[in-house]
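Trainee:
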Amino acid sequence: MANLAVNIGGLKMKNPVTVGSGTFAYGQEYDRYFDISKLGAVTTKSLSLEPRAGNKPPRLVETPAGMLNAIGLQNVGIEAYLRDKAPFLREKGCTIIGNIYGKSPEDYAELAKRLDEAGAADAIEANLSCPNVHDARTARGCTLVAQVPELVQEYTRAIKAATKLPVFVKLTPNIIDIAEPALAAEEAGADGVALINTLLGIGINPETRKPILSNIVGGLSGPAIRPVAVKMVWDCAKVLKIPIIGMGGIGNASDAMQFILAGATGVAVGSCSFRQPDAAIKVVEGLNDYCERHNVENLTQLIGKLE
Amino acid sequence: MPQVSTCEIQAHMEVAPDHYRLVLHAPEIAQEACAGQFCMLEVQEGLYPFLRRPMCFERIYKDSISILYKVEGEGTRLMSRLSQGQTISVQGPLGKPFPLDSDVERHILVGGGIGIAPFPSLAEAIISELGTTPEVIIAARTESMLLCEDEFRQMGCTVHLATDDGSAGVKAFASEVLRELNPGPKARAYCCGPMPMMRATHDVCQDLGITCLASLEAEMACGDGVCLGCVVEANVEIEAERMVRVCYDGPVFDSSLINWSAY
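Listed in order, the protein sequences are those of chains A and B.
This note's numbering puts the first sequence at residues -1 to 305.
This note's numbering puts the second sequence at residues 34 to 296.
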């Protein structure tokens, strides 16, 4: 067995593989297909202070090698998570990355504090980049927090002040240079960055001449976006000191290796779990095979080792 | 527990224009499957189509399952090219089955078009578990689209046919046929078909004062409650609980739970 363990900004993981927030719910469903405690970490669906109903349907449409979604952060809320969902993950022995979403720096700080105090997460991932919620847009109009480096700093500082847990900031690819908000997060004390969130897209039904999604715009995910995601990880790795969790269309170990070679310390399996419920654990097994095939003792030796 | 199995295609035939029956050797899934549940089929290897296709069980045999489907889009078009002897990946069984209630005196299955698909297995379950024989209303646009009539007759079901163009049975909507049957208060309707047809059936059942169980269809990514892509609006007071998942909370719902005005 190769050593796959990583340390992502203070979060120790037995292997680099986690899941994309929103593609794994709170773990229970996919635990019926494989032992989810064998993953490096489980990343929760975005949690908000109050439960959210999300957008009206239709919420998703298939695209070539991927899908567009506009779920709108439907979630049970922090209270129900702490009461009904976290105990399952803790009993399983999972490492938990608690993904949070709020409308202000104060919301994020409160969410991080409550997860920390309840022992219901081992790290915080701040979703500053969901494209499907209108209330996430700032005073400047149709802007995501993760598109404005100064806002990234303000939000990151507020979260860091509220918790001792490692804090990761999830960034959007819908920006000219993703390294700018990444650097802003680092300067504000983030312990890592997670990228990429979905790319904006629209699906149109030519027969009805109407948009397919009720939200009109959705977020594109799946293997279709993988080259974009790998390039953005590479962009960030060149300038950051803090580690990166890379994601975007990872479905197997060779996909994951592209991200690691480009500079990611951790990797997340997202939409590919929908097709193959055990995709994430297959990536763990495949990374071990890769290391054995290439005589690599510690997978960390290969982080950013693009030749 | 749902599982993912590689299954051999035992038979694949066109049963009506653009309508197919796919029989899969799937012993583990067949053993656990109940009428009203569904499976997710991987149409082909590779990334196109990216998502599996949700398909309800038409029949559940000892070692195999059958799927009845209509070619509607790319996924089903590719599916229709699969041949006997090929294998495909099947995930299931998924979702909640039809509840079987022995207090019900008259079971009426109402299928519109390809919406008849879950009812052969339901008819079998009602016969074998409740010891009574359901009635079936089979409705379609035209005669050639009426599906499963022989299957239901072989099971001993009373069959009522209805077509939009009057080419077979009565020229009426399925919901109108249901109203004409004048089922007593101890009857229960089960419906599956296009949303407007189910909405009309729900309205008739409200008038008649009987329970209607609707089997819904939606585009879905995971089929297992995770992605939240397949939700429908329910009549629920608490706003945050208003969106129910067709895949996990359904696909079978008491029709009074669904907010039909949204469709």
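Where is the CB? At the ideal position from N, CA and C, for every residue including glycine.
Quick caveat, the model's predicted, so the values are computed rather than measured.
Work out the CA separation of A:V294 and A:A340 for me, nearest whole Å.
Mentor: The question about residue 340 of chain A has no answer here: the residues shown for chain A are numbered -1 through 305.
Trainee: Between A:R224 and chain B, is there a C-beta pair that is closer than 8 Å?
Mentor: Stepping through the first sequence from its first residue, residue 224 of chain A is reached at position 226. No - not a single Cβ of chain B is within 8 Å of the one on A:R224.
Trainee: Among A:Y24, A:A119, A:Q151 and A:R224, whose alpha-carbon lies nearest the alpha-carbon of A:C270?
Mentor: Here residue 270 of chain A refers to the residue found at position 272 when the first sequence is read from its first residue. Here the closest residue by C-alpha is A:R224.
Trainee: Sorted by chain position, which residues of the same chain lie with C-beta nearer than 6 Å to B:E41's C-beta, five sequence neighbours on each side aside?
Mentor: The count along the second sequence starts at 1 and reaches residue 41 of chain B at position 8. Once the five neighbours on either side are set aside, the close Cβ partners of B:E41 are H58 and T120.
Trainee: Which residue's Cα is closest to the Cα of B:I62: B:V48, B:R92, B:Y102 and B:H52?
Mentor: Translated into the one-based positions of the second sequence, residue 62 of chain B becomes position 29. That would be B:R92, whose Cα lies nearest to the Cα of B:I62.
Trainee: Whole angstroms are fine: how far does the CA of A:I157 sit from the CA of A:R57?
Mentor: Stepping through the first sequence from its first residue, residue 57 of chain A is reached at position 59. Stepping through the first sequence from its first residue, residue 157 of chain A is reached at position 159. C-alpha separation (whole angstroms): 30 Å.
Trainee: In chain order, what residues of the segment 251 to 267 of chain B put their CB closer than 9 Å to some CB of chain A?
Mentor: Cβ contacts with chain A: A251, E252, M253, A254, C255, G256, D257, G258, V259, C260, L261, G262, C263, V264, V265 and E266.
Trainee: Looking at chain B, which residues of the segment 11 to 35 of chain A have a Cβ within less than 9 Å of any of its Cβ atoms?
Mentor: Within the segment 11 to 35 of chain A, the qualifying residues are G20, T21, F22, A23, Q26, E27, Y28, R30 and Y31.
Trainee: With which residues is B:Y53 paired in a DSSP beta bridge?
Mentor: Position 20 of the second sequence, counted from the start, is the residue given in the question as residue 53 of chain B. DSSP lists B:E47 and B:Y102 as partners of B:Y53.
Trainee: Give me the chain A residues within the contact set of B:Y81, using Cβ-Cβ distance strictly less than 8 Å, ordered along the chain.
Mentor: Here residue 81 of chain B refers to the residue found at position 48 when the second sequence is read from its first residue. Residues of chain A passing the Cβ test: P62 and A63.
Trainee: Per DSSP, which residues does B:Y223 bridge with? Please list them.
Mentor: The sequence position of residue 223 of chain B within the second sequence is 190, counting from 1. Note: B:Y223 sits in a beta bridge opposite B:L142 and B:L246.
Trainee: For B:P126, report the span of its alpha helix (DSSP H) as first-last.
Mentor: Working through the second sequence from its first residue, we reach residue 126 of chain B at position 93. First-last for B:P126: T120 to L127, but that is the beta strand (DSSP E), not the alpha helix (DSSP H).
Trainee: So who's on the other strand from B:Q36, going by DSSP bridges?
Mentor: The residue given as residue 36 of chain B occupies position 3 in the second sequence. According to DSSP, which records beta bridges pairwise, B:Q36 is partnered with B:G125.
Trainee: Determine the extent of the beta strand (DSSP E) in which A:C249 is found, giving its start and end residues.
Mentor: Your numbering for residue 249 of chain A matches position 251 in the first sequence. Here residue 249 of chain A is Gly; the residue named in the question, Cys, does not match the sequence. First-last for A:G249: undefined, no H or E at that position.
Trainee: Taking Cβ-Cβ distances below 9 Å as the criterion, which residues of the segment 36 to 52 of chain A are in contact with chain B?
Mentor: Going along the segment 36 to 52 of chain A in chain order, one finds K43, E48, P49, R50, A51 and G52 with a Cβ nearer than 9 Å to chain B.
Trainee: Short of 6 Å in beta carbon distance, which residues of its chain neighbour B:D197, apart from the five on each side in sequence? Order them along the chain.
Mentor: By 1-based counting over the second sequence, the position of residue 197 of chain B is 164. Correct list, in chain order: R174.
Trainee: Quick one: residues in its chain with C-beta nearer than 8 Å to the C-beta of B:I141, no 5 flanking neighbours on either side, listed in chain order?
Mentor: Here residue 141 of chain B corresponds to residue number 108 of the second sequence, with the count starting at 1. Result list for B:I141: P167, E168, V169, I170, L211, L214, P216, A220, R221, A222 and Y223, in chain order.
Trainee: What residues in the segment 119 to 147 of chain B have a beta carbon less than 9 Å from any beta carbon of chain A?
Mentor: Taking 9 Å as the Cβ-Cβ cut-off against chain A, the residues of the segment 119 to 147 of chain B that qualify are S122 and Q124.
Trainee: Could I get the ranges of all uninterrupted alpha helix (DSSP H) runs contained in the segment 30 to 87 of chain A, with 4 residues as the minimum, in chain order?
Mentor: Complete alpha helix (DSSP H) runs here, min 4: 75 to 78.
Trainee: By how many angstroms is the C-alpha of B:L115 removed from the C-alpha of B:E105?
Mentor: Within the second sequence, the letter at position 72 stands for residue 105 of chain B. Within the second sequence, the letter at position 82 stands for residue 115 of chain B. Roughly 16 Å separates the two Cα atoms.
Trainee: What residues from chain B crowd round A:P179, counting only those whose CB sits closer than 7 Å?
Mentor: The residue you call residue 179 of chain A lines up with position 181 of the first sequence. In chain order: nothing, as chain B lies at least about 27 Å away.
Trainee: When the cut-off is 8 Å and only beta carbons count, does A:F272 lie next to chain B?
Mentor: Start at 1 with the first residue of the first sequence, and residue 272 of chain A comes out as number 274. Taking Cβ atoms only, chain B reaches closer than 8 Å to A:F272, which makes this a yes.
Trainee: For A:G187, collect the residues of the same chain with a Cβ closer than 8 Å to its Cβ; drop the 5 residues on either side in sequence, then sort them by chain order.
Mentor: To locate residue 187 of chain A, count along the first sequence from 1; it is residue 189. Closer than 8 Å at the Cβ level, and outside the excluded window around A:G187, lie T154, R155, K158 and V165.
Trainee: Check B:P82 in the structure and name its three-state DSSP category.
Mentor: What you label residue 82 of chain B is simply residue 49 of the second sequence in a count that begins at 1. Coil at B:P82, not helix or strand.
Trainee: Check A:K111 in the structure and name its three-state DSSP category.
Mentor: The residue given as residue 111 of chain A occupies position 113 in the first sequence. It is helical.
Trainee: Out of curiosity, what's the CA-to-CA distance linking A:T16 and A:L37?
Mentor: In the first sequence, counting from the first residue as 1, residue 16 of chain A sits at position 18. In the first sequence, counting from the first residue as 1, residue 37 of chain A sits at position 39. Roughly 6 Å between the two C-alpha positions.
Trainee: Where do the ends of the beta strand (DSSP E) carrying B:R278 lie?
Mentor: Counting from one through the second sequence, the residue named residue 278 of chain B turns up at place 245. It spans M276 to R278 - the beta strand (DSSP E) in which B:R278 sits, taken as one unbroken run.
Trainee: Quick check: the Cα distance between A:L300 and A:D276, rounded to an integer number of angstroms?
Mentor: Position 302 of the first sequence holds residue 300 of chain A. Position 278 of the first sequence holds residue 276 of chain A. About 25 Å.
Trainee: Output the boundary residues of the alpha helix (DSSP H) element that contains A:T93.
Mentor: Within the first sequence, numbered from 1, the residue matching residue 93 of chain A stands at position 95. Element bounds for A:T93: n/a, residue is neither H nor E.
Trainee: Any beta-carbon of chain A closer than 8 Å to the one on B:P227?
Mentor: Residue mapping note: residue 227 of chain B aligns to position 194 of the second sequence, counting from 1. No - not a single Cβ of chain A is within 8 Å of the one on B:P227.
Trainee: Would you list the one or two residues that DSSP bridges to A:I243?
Mentor: By one-based count along the first sequence, residue 243 of chain A stands at place 245. Note: A:I243 sits in a beta bridge opposite A:A192 and A:G264.
Trainee: Run the CB neighbour count on B:V56, radius 10 Å, all protein chains shown included, and call it buried at 16 or more, exposed below.
Mentor: In the second sequence, counting from the first residue as 1, residue 56 of chain B sits at position 23. Answer is buried; the Cβ neighbour count reaches 16.
Trainee: How should A:T61 be labelled, buried or exposed, when 16 other C-beta atoms within 10 angstroms of its C-beta is the threshold for buried?
Mentor: Mapped onto the first sequence, residue 61 of chain A falls at position 63. Buried.
Trainee: Which of helix, strand or coil does DSSP assign to A:K10?
Mentor: Mapped onto the first sequence, residue 10 of chain A falls at position 12. Strand.
Trainee: Find the residues of chain A that neighbour B:M34, judging by a C-beta separation of less than 7 Å, and give them in chain order.
Mentor: Counted from its first residue, the second sequence places residue 34 of chain B at position 1. Ordered by position in chain A, the residues that pass the 7 Å Cβ test against B:M34 are R30.
Trainee: Is A:V146 helix, strand or coil by DSSP?
Mentor: As a working note, residue 146 of chain A is residue 148 in the first sequence. A:V146 falls in the coil class under three-state DSSP.
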